[in-house]
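*Asks:* Here you go, one structure.
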Ligand SMILES: Nc1ncnc2c1ncn2[C@@H]1O[C@H](COP(=O)(O)OP(=O)(O)OP(=O)(O)O)[C@@H](O)[C@H]1O
Ligand SMILES: [Mg+2]
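Okay, structure coming up:
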């Protein structure tokens, strides 16, 4: 049973001026599966390593439950970490790999045996216990690394991109296995990935980072429906949201032939953006029609047929510049390359952001 609290925790690597993690404020609940997501170099691994005690915390604090662990060595924190490369001991069998941490702790042999066998059963590794890691598949190695963390019965699991060495199909399988296992064990988990699909499907809540700064933390659904800024809007969801900065008028925004009505409050909040406002709509939140006056004509560049539906990529001429758009269409209406189609975002599904700050309006 454990909660984790980052209190304005920062890490500034020696020789660099900008913090790799900048005043991170984050509370993780007991039993929660929290995913840290963001582009490469945004500070995900550093945040995790600070919690593990593998990286200094230069400012702020980190608590596990109510205990300040900021300056405790890793072994005193009661956490277990699963790394991207699994870091298995090559000369040890699966059994020995899983038993190792308990052996170091001088746990009685019978107890170690019980813990290893229990974890092996949970992870369907029973028939591989006598094998060395090199005689295992990638997915099996991944499960051994999980098993090694589980036998220690830590208060917190930390996982840094544990699926990135697996092929696409195995990754999808394993991601549901990890989520199921975490639910079963109920151990507070912090999971790092740069893959927004993993974040959306696995996390109870997702924390999105950019350049060392936490952008937003919320449930996957809330992040998708109400992204707090332009970065989160563009990062979560695939294909990405259509986001354009366009002219602001007294009653809304104009998108070529399309006008997007905004409330008086929204227009007021958009002021200071140099006469512009940023508008976004997701690919699935637009209707595609063959002809209509109040819609945006786009020329189709590419159609991705997904079987059940299709992603249609195209471009439109907006005030002299060519802007790219993507919309999702149903299977029964699939346009051809080079064809002109008309798109009309659903008014209730439009996201509005300040053109200067990028903050949601
Ligand atoms: N030991 C180090 N010394 C100096 N700078 C570092 C060190 N480790 C990481 N950094 C820098 O800190 C920033 C954050 O790195 P971090 O490894 O936390 O990113 P990440 O989000 O995990 O990225 P990725 O998705 O590529 O793993 C990066 O700019 C990186 O170059
Ligand atoms: Mg990393």
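Residue numbers (the UniProt record's numbering): 1 to 361. C-beta atoms are modelled at their ideal positions from N, C-alpha and C, and glycine is treated no differently.
From the DSSP output, which residues share a beta bridge with residue 67?
*Replies:* Stepping through the chain shown from its first residue, residue 67 is reached at position 67. Partner(s): 64.
*Asks:* Tell me which residue opens and which closes the alpha helix (DSSP H) that residue 118 is part of.
*Replies:* Counted from its first residue, the chain shown places residue 118 at position 118. Unbroken alpha helix (DSSP H) run through residue 118: 109-122.
*Asks:* Would residue 94 and residue 208 qualify as a contact pair, given that the criterion is a beta-carbon distance under 9 Å?
*Replies:* Stepping through the chain shown from its first residue, residue 94 is reached at position 94. Stepping through the chain shown from its first residue, residue 208 is reached at position 208. No.
*Asks:* Who pairs with residue 259 in a beta bridge, going by DSSP?
*Replies:* For the purposes of this step, residue 259 is taken as residue 259 along the chain shown, with counting starting at 1. Partner(s): 254.
*Asks:* At the level of alpha carbons, what is the spacing between residue 140 and residue 109?
*Replies:* As a position in the chain shown, residue 140 is number 140, starting the count at 1. As a position in the chain shown, residue 109 is number 109, starting the count at 1. Distance between the alpha carbons of residue 140 and residue 109 is about 25 Å.
*Asks:* Going by DSSP, which residues form a beta bridge with residue 293?
*Replies:* Taking the chain shown and counting its residues from 1, the one referred to as residue 293 is at position 293. Paired residue(s): none; residue 293 is not in a bridge.
*Asks:* Would the beta-carbon of residue 204 be found less than 8 Å away from any heavy atom of ligand 1?
*Replies:* In the chain shown, the residue the question calls residue 204 occupies position 204. No, Cβ of residue 204 sits at least 8 Å from all heavy atoms of ligand 1.
*Asks:* Tell me, to the nearest whole angstrom, how far the beta carbon of residue 90 is from that of residue 134; I am working on the premise that it is less than 8 Å.
*Replies:* Counted from its first residue, the chain shown places residue 90 at position 90. Counted from its first residue, the chain shown places residue 134 at position 134. Sure, about 6 Å apart at Cβ, within 8 Å.
*Asks:* On the three-state DSSP scale, how would you describe residue 175?
*Replies:* Stepping through the chain shown from its first residue, residue 175 is reached at position 175. In this structure, residue 175 counts as helix in the three-state DSSP scheme.
*Asks:* Taking only runs of the beta strand (DSSP E) that begin and end inside the region 184-227, which ones reach a length of at least 3 residues, in chain order?
*Replies:* 188-193, 205-210, 213-218
*Asks:* With the cut-off set at 9 Å, would you say residue 289 and residue 244 are in Cβ contact?
*Replies:* Position 289 of the chain shown holds residue 289. Position 244 of the chain shown holds residue 244. Cβ atoms of residue 289 and residue 244: not closer than 9 Å.
*Asks:* Determine the direct distance from the alpha carbon of residue 7 to that of residue 19, and round the result to whole angstroms.
*Replies:* In the chain shown, the residue the question calls residue 19 occupies position 19. In the chain shown, the residue the question calls residue 7 occupies position 7. Going by the C-alpha atoms only, they are around 15 Å apart.
*Asks:* What span of residues does the alpha helix (DSSP H) with residue 100 cover, start to end?
*Replies:* Residue 100 sits at position 100 when you count from the first residue of the chain shown. Here the alpha helix (DSSP H) through residue 100 covers 94-104.
*Asks:* State the Cα-Cα distance for the pair residue 286 and residue 45, rounded to the nearest angstrom.
*Replies:* As a working note, residue 286 is residue 286 in the chain shown. As a working note, residue 45 is residue 45 in the chain shown. Going from the Cα of residue 286 to the Cα of residue 45 covers about 37 Å.
*Asks:* Can you check the region 137-164 for any beta strand (DSSP E) of at least 3 residues that lies completely inside it and give the ranges in chain order?
*Replies:* As far as the region 137-164 is concerned, its whole beta strand (DSSP E) runs of at least 3 residues are 156-160.
*Asks:* Buried or exposed, going by whether 16 or more other CB atoms sit within 10 Å of the CB of residue 199?
*Replies:* Taking the first residue of the chain shown as position 1, residue 199 is located at position 199. With 16 or more Cβ atoms within 10 Å of its Cβ, residue 199 is classed as buried.
*Asks:* CB-CB under 6 Å to residue 187, same chain, minus the five flanking residues each way: which ones, in chain order?
*Replies:* Here residue 187 refers to the residue found at position 187 when the chain shown is read from its first residue. Only 157 meet the Cβ criterion.
*Asks:* Determine the DSSP secondary structure at residue 236, reduced to helix, strand or coil.
*Replies:* If you number the chain shown from 1, residue 236 lands on position 236. Residue 236: coil per DSSP, three-state reduction.
*Asks:* Quick one: give me the first and last residue of the beta strand (DSSP E) that residue 7 is part of.
*Replies:* By one-based count along the chain shown, residue 7 stands at place 7. First-last of the beta strand (DSSP E) with residue 7: 4-11.
*Asks:* Can you tell me the Cα-Cα spacing of residue 252 and residue 178, whole angstroms?
*Replies:* Your numbering for residue 252 matches position 252 in the chain shown. Your numbering for residue 178 matches position 178 in the chain shown. Near 46 Å, if we compare the C-alpha coordinates of residue 178 and residue 252.
*Asks:* Exposed or buried, which one is residue 10 when buried takes at least 16 other CB atoms within 10 Å?
*Replies:* Here residue 10 refers to the residue found at position 10 of the chain shown. It is buried - the Cβ of residue 10 has at least 16 other Cβ atoms within 10 Å.
*Asks:* Let me check understanding here. Comparing Cα to Cα, which of 171, 129, 334 lies closest to residue 306?
*Replies:* For the purposes of this step, residue 306 is taken as the residue at position 306 of the chain shown. If we check each option's Cα against that of residue 306, 334 comes out closest.
*Asks:* What distance in whole Å lies between the Cβ atoms of residue 33 and residue 138, which are believed to be in contact at a cut-off of 8 Å?
*Replies:* Translated into the one-based positions of the chain shown, residue 138 becomes position 138. Translated into the one-based positions of the chain shown, residue 33 becomes position 33. Actually they do not touch by this definition, with Cβ atoms about 23 Å apart.
*Asks:* On the CB-based measure, 16 or more other CB atoms within 10 Å of its CB, does residue 347 come out buried or exposed?
*Replies:* Reading the chain shown from its first residue, position 347 is the one you call residue 347. Exposed, since its Cβ has fewer than 16 Cβ neighbours within 10 Å.
*Asks:* Under the assumption that residue 55 contacts residue 49 (Cβ atoms under 8 Å), give the Cβ distance between them as a whole number of angstroms.
*Replies:* Residue mapping note: residue 55 aligns to position 55 of the chain shown, counting from 1. Residue mapping note: residue 49 aligns to position 49 of the chain shown, counting from 1. Indeed they touch by this definition, with Cβ atoms about 4 Å apart.
*Asks:* What's the C-alpha gap between residue 23 and residue 194?
*Replies:* As a first step, residue 23 must be located in the chain shown, where it is residue number 23. As a first step, residue 194 must be located in the chain shown, where it is residue number 194. Cα-Cα distance, rounded: 20 Å.
*Asks:* Does the Cβ of residue 182 have 16 or more other Cβ atoms within 10 Å, making it buried, or fewer, making it exposed?
*Replies:* The count along the chain shown starts at 1 and reaches residue 182 at position 182. It is buried - the Cβ of residue 182 has at least 16 other Cβ atoms within 10 Å.
*Asks:* Is the beta carbon of residue 393 less than 9 Å from the beta carbon of residue 262?
*Replies:* The shown model of the chain, from 1 to 361, leaves out residue 393, and the question about it has no answer.
*Asks:* Could you tell me which residues DSSP pairs with residue 271 in its beta bridges?
*Replies:* Sequence index remark: in the chain shown, residue 271 carries index 271 (1-based). For residue 271, which the question treats as bridged, DSSP gives no partner whatsoever.
*Asks:* With 16 as the cutoff for other CB atoms within 10 Å, does residue 124 come out buried or exposed?
*Replies:* Numbered from 1 along the chain shown, position 124 holds the residue referred to as residue 124. Exposed, since its Cβ has fewer than 16 Cβ neighbours within 10 Å.
*Asks:* Whose CA, out of 330, 342, 254, lies closest to the CA of residue 292?
*Replies:* Residue mapping note: residue 292 aligns to position 292 of the chain shown, counting from 1. The candidate whose alpha carbon is nearest that of residue 292 is 342.
*Asks:* Considering only residues of the same chain and omitting the five flanking positions on each side of residue 100, which have a CB-CB separation below 8 Å?
*Replies:* Indexing the chain shown from 1 puts residue 100 at position 100. Taken in chain order, the residues that qualify are 89, 92, 148.
*Asks:* Of the choices 248, 311, 14, whose alpha-carbon is the least far from that of residue 274?
*Replies:* By 1-based counting over the chain shown, the position of residue 274 is 274. Minimum Cα-Cα distance from residue 274 among the listed residues 248, 311, 14 corresponds to 248.
*Asks:* Under a criterion of Cβ closer than 5 Å to any non-hydrogen atom of ligand 1, which residues qualify, in chain order?
*Replies:* 13, 20, 40, 41, 42, 43, 44, 45, 46, 194
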